[in-house]
Amino acid sequence: MPLELGPDLGIEQAAELKETLASQLDSGRSVVIDVSSTERIHSASLQLIAAFVRERQAAGRKTRLADPSPAFQDAASALALTSALGLPESGDE
Numbered sequence: 000m001p002l003e004l005g006p007d008l009g010i011e012q013a014a015e016l017k018e019t020l021a022s023q024l025d026s027g028r029s030v031v032i033d034v035s036s037t038e039r040i041h042s043a044s045l046q047l048i049a050a051f052v053r054e055r056q057a058a059g060r061k062t063r064l065a066d067p068s069p070a071f072q073d074a075a076s077a078l079a080l081t082s083a084l085g086l087p088e089s090g091d092e
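In this text, residue positions in the sequence shown follow numbering that gives the first Met the number 0: the first is 0, and each later residue adds one.
Here's what the structure looks like:
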């Protein structure tokens with residue numbers, strides 16, 4: 000079952016996002032993060048997600064971001080995190 004993050008990942012949601020991701024950090028199963036409905040994302044939230052993906056990858060665990068919304072994709076591109084998040088670069092779609 001995908002982990003749906005919702006439309007608003009502003010700075011106000013960063014603490015809750017950190018808790019949500021922390022609860023899945025050590026999961027042995029592949030984690031799918033649904034960011035298809037994300038309309039607003041703060042750089043702090045995007046950095047949390049990138050750190051989560053990186054830590055799971057370092058531990059040999061799979062994580063995938065499913066159907067990134069245009070807002071999520073744009074934010075990842077602006078912060079040069081597309082590669083770290085396993086997303087296509089702009090124009091690669």
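A virtual CB, placed ideally from N, CA and C, is assigned to each residue, including glycine.
Residues of its chain near Leu55, where Cβ-Cβ distance is below 6 Å and the 5 sequence neighbours each way are ignored:
A quick correction: the sequence has Arg, not Leu, at residue 55. Excluding residues within five positions, the ones whose Cβ falls inside 6 Å are Thr62.
I need the boundaries of the alpha helix (DSSP H) containing Asp73, first residue and last residue.
69-77
Starting from Ile32, trace the beta strand (DSSP E) in both directions and tell me its first and last residue.
30-33
Return the CA-CA distance between Leu24 and Phe51, expressed in angstroms with no decimal places.
7 Å
Label Ala77 either buried or exposed according to how many other C-beta atoms from any shown protein chain fall within 10 Å of its C-beta, with 16 as the threshold for buried.
exposed
How long is the line joining the alpha carbons of Ile40 and Asp73, rounded to whole angstroms?
10 Å
Please check the pair Ala65 and Ser35, which I expect to be a contact at CB under 8 Å, by giving their CB distance rounded to whole angstroms.
7 Å
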